[in-house]
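The structure under discussion appears below in the form of structure tokens.
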Amino acid sequence: MFLELKNLDFYYNKKKKYILNNFTLSMKNRKTLSILGESGSGKSTILRLIAGLEKPSSGKIFIDQQIMNGGNTFIPPENRKVGMVFQDYALFPHMTVYENINFGINDLSKDIRKNKITKILKLVELQEFKDKYPHQLSGGQQQRTALARAIVIEPKILLLDEPFSNLDTNLKHNIRKKLNNIISKINITTIIVSHDKHDALTLADELIILKDGEIVQKGKPQNVISIPKTKYIKGIVN
Amino acid sequence: MLNKIGFNNKWSVISLIIIIFIILPSVFIFLGLFEQASDNWVHIKTYLLKDYVFNSFILTFFTGLFSIIIGVSLAWIVNAYDFKFSNFFKWALILPMAIPPYIGSYTYVGLLNYTGVIQTFFRNNLSIIIDPSLLNIMNLPGAIFIYTIFLYPYVYLITNAFFKKQSASIIEVSKTLGKGSFEIFLKVMLPLSRGAYVGGATLVVLEVLNDYGVVKYFGISTFSTSIFQTWFALGDTNSAIKLSASLMILVFIILVIERISRGDKKYNHSSRSVKPLKPYKLKGKKSWAMFFFPAAIFLIGFLVPVAQLIHWSIISYGNITKLNIISILFNSIGVSFIGSILVIIAAVIIANTVRVNKDILTKNYARIAIMGYSIPGAVIAIGVMMFFLKLDSSINMVTNYDIGLILSTSIFMLIFAYFIRFLAIGFNSVESGFQKVGSNYFEASRTLGKSITETFFKVDLPMLKPSLISGFLLVSIEILKELPLTLILRPFNFNTLATRAFEYANDEMIHESAVLSLILIIVSVILIYTLTSYKKKGKR
């Protein structure tokens, strides 16, 4: 398996209220997984644990058979090669589109960087916006800039946290298609956290439904959505 | 026509009157420029002005730079890391602000001179004689040290507030892109906070230009000292006005540089949801290592000078009764209270007018209201003095009686000068309060048939209360510490804690000065504490 989360527990110290309880998940390489669940179900926490932004209370995380977490091992986020697109995109407001994308690869030589950024800009169709600042972009353009910045470092895994939550409903369909196109082209292991079934249907090979930090149903998106096991799942996928 | 330029209600008329009063003293300075130059001015221009400009430039440039380095790094450390006593430092690092630089200057001179604690300790306990010139701080680098250590909180406060508002995901995304803490600070947070720290450093620079106490005590010639000298020692008002005008030009250049350095880019968040920064918890040695820097600054900027002042106060305990402390304290608190109340009332009137009237004339009220803070105290003092002398002679002329200098020898002149200088602080506080409240409640009330005044008292005022109290406390602290204006414009025999402490120190009666300085610091600390805890409560 390419990504393995083994018996992960995660709770906040103060109240010891579990966000994840003995959570286990595995994924094959170059597949796209969608995680659906209500707010507070623990779906964003899973992404943050994989990225190394949170330390699990116990359990292990492996990426490409390398241990990231477990025992005394903790690989910090800057050394994990995990690309993440945040819910608010987290674009650096003082940098242009080009500078934002350049940020993660500025240790490479100038020519290589230029080449990489040109390719990525073409992929995300932002060539003509490269000198714009984030506040001069539309929601969809901001999202693609954040995506370009995450994939230019050639991550092993791409994590997308509620990628469409900041967009208007009318735009979502179009942008979802564009995103699907980009993900298929780059062909890397991707996890998308969402609360919209359409994201899973358009983008994912596999879907899991999360409730209180536990997987309550898992399968092909079409199957899970057409045959929900419980009333709760029905509520989520309808 | 009048409606078009904003005279549609009482608020506009009162605002205009206040604005005219703010502008008038500057007009006197401006007019003074065109008067024929005296011989003194020719001498100053030929031989001395160069020194004033050079010294003022060196002091402002290096104090600004070091304040940025200390203020920004401290603000970053307390926001990004959770270490030993980090919560205490968040508040304590503001405290050096309670010590006016002139008090700090004579305290450090006393600490470091031949009979001071440090040299005495080395001499008596370790038999080491330190070369006195090594510890002599009565020079330009020494003044830069004093200003930096007691004024950096301006940069710290503004940058700290900026970092608090930043989204955690900006840091997290940098980590996923392979960046370590130092690189994130250098490449992301530092450029991002440029507007904040440039704003803070500008306040520091304006404070340095305004200061009279430190440079006078250290014997450094600057614009402030030269204005005092030409006016009081040479009795040459004309040259003092010309010097003031030159200083105003310097201030103007600084404000233009500030505008340019802030940049015109809008560093707004690209989304609506912002998750605040979560400090990274440091354990063991790392936690203690991080403790060291803020602890050192707190020690130098607050604990050491306060401890020294306490020590001196104990020594001069027997003289305390002679100092007439109660009446001096009463004077200080009195002028500070009256000045702050007037500032807040005027700030409310102007800010509400600016909010309600959207015409061109009113738009400029806000700019004029904050103008005073950028004008150094000595300059305001000259403008206000000229204005009040003119008022007095007009009263004498109109009434046909020679009733003398009624206004220009009264406490009103001093309070009016405080009002001009510190209106900016009150106005900014009130204006941000209005911005937080928004216009929906106001508009709802107006559609329900209430007038602007009725709406203000019934709807706006209760919601504005936190901003008004914050503004009041901030202005009170500033007036309490104020020195140059008070020295020039106080009525005969009128003393505040600041003037008396400065006079004692200047007469080398350091121990007597310490008692008054200590009281001033204690009152300031109480006000700062009330302000910060009130703000915290307001957030909850």
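Residue numbers (our numbering), protein chains in the order written: chain C, 1 to 238; chain L, 1 to 540.
Glycine included, C-beta positions come from ideal geometry on N, C-alpha and C.
For clarity, every value in this text was computed on a predicted model and none was experimentally measured.
In terms of beta-carbon proximity, I94 (chain L) stays away from the interface with chain C, with every pair separated by 9 Å or more. For the C-beta of D199 (chain C), not a single chain L residue is nearer than 9 Å; the gap to the nearest is close to 18 Å.
A Cβ of chain L is located within less than 9 Å of the beta carbon of R48 (chain C).
The criterion of a C-beta distance shorter than 9 Å is not satisfied by I477 (chain L) and M138 (chain L). Per DSSP, the beta-bridge partners of P276 (chain L) are L:S167. When DSSP states are grouped into helix, strand and coil, Q229 (chain L) belongs to the helix group. One Cα belongs to I130 (chain L), the other to I146 (chain L), and the distance between them is close to 21 Å. Neighbours of A148 (chain C) across chain L, judged by C-beta separation under 7 Å, do not exist; the nearest C-beta is about 12 Å away.
Counting of Cβ neighbours within 10 angstroms places A505 (chain L) among the buried residues, the total reaching 16 or more. G334 (chain L) and Y217 (chain L) have their alpha carbons spaced roughly 27 Å apart. When rounded, the separation of the alpha-carbon atoms in E78 (chain C) and F185 (chain L) is 14 Å. Here the alpha carbons of S467 (chain L) and V475 (chain L) stand approximately 12 Å from one another. Between F86 (chain C) and E258 (chain L), the C-beta gap is not smaller than 9 Å, which leaves the two residues out of contact.
Under a 10 Å Cβ-count criterion, P141 (chain L) is classified as exposed, with fewer than 16 other Cβ atoms of the shown protein chains found around its own Cβ. Shown here for Y317 (chain L): not one same chain residue has a beta carbon closer than 8 Å to its own, the five before and five after excluded. Taking the C-beta atoms as reference points, E162 (chain C) is found no nearer than 9 Å to S57 (chain C).
Contact annotation: in the segment 67 to 86 of chain C, residues whose CB is within less than 9 Å of a CB in chain L are P76, P77, E78, N79, R80, K81, V82, G83, M84, V85, F86. In this structure Q142 (chain C) does not touch P155 (chain C) by the C-beta definition: roughly 19 Å separates them, more than the 8 Å allowed.
Within chain L, the residues L177, G178 have their CB atoms less than 7 Å from the CB of G104 (chain C), given in chain order. Per DSSP, Y12 (chain C) is one residue of the beta strand (DSSP E) stretching across 3 to 12.
In the three-state reduction of the DSSP assignment, G219 (chain C) falls in the strand class, which pools E and B. Residue state for F62 (chain L) is assigned as helix, using DSSP reduced to three classes.
For Y212 (chain L) against A378 (chain L), the beta-carbon gap comes to about 6 Å, under 8 Å, which counts as contact. The shortest CA-to-CA distance from A51 (chain C) to any of C:L203, C:I182, C:L158, C:K177 is the one to C:L158. The C-beta distance from L192 (chain L) to P93 (chain C) rounds to 7 Å, short enough to meet the 8 Å contact threshold. Around G104 (chain L), the same chain offers I146, F150, P305 as residues with beta carbons nearer than 6 Å, after the five sequence neighbours per side are excluded. In this structure, L49 (chain C) places its C-beta atom within 9 Å of the C-beta atom of L5 (chain C). Within the same chain, P221, Q222, I225 come within 8 Å of L201 (chain C) by CB-CB distance, once the 5 residues on both sides are set aside. Contact check for S340 (chain L) against L518 (chain L) fails: the beta carbons are separated by 9 Å or more. Under the criterion of beta carbons closer than 8 Å, R421 (chain L) and L489 (chain L) do not qualify as touching, at roughly 11 Å. T189 (chain C) has C:I157 as its beta-bridge partners, per DSSP.
The C-alpha of Y373 (chain L) is placed about 26 Å away from the C-alpha of I328 (chain L).
For the pair Y280 (chain L) and P76 (chain C), the Cα-to-Cα distance works out to about 13 Å. At least one CB of chain L lies nearer than 9 Å to the CB of H94 (chain C). Residue-level contact check: R262 (chain L) does not touch chain C, since none of the beta carbons of chain C fall below 9 Å from its beta carbon. Counting only residues of its own chain and dropping the five nearest sequence neighbours on each side, G195 (chain L) has a CB closer than 6 Å to the CB of R262.
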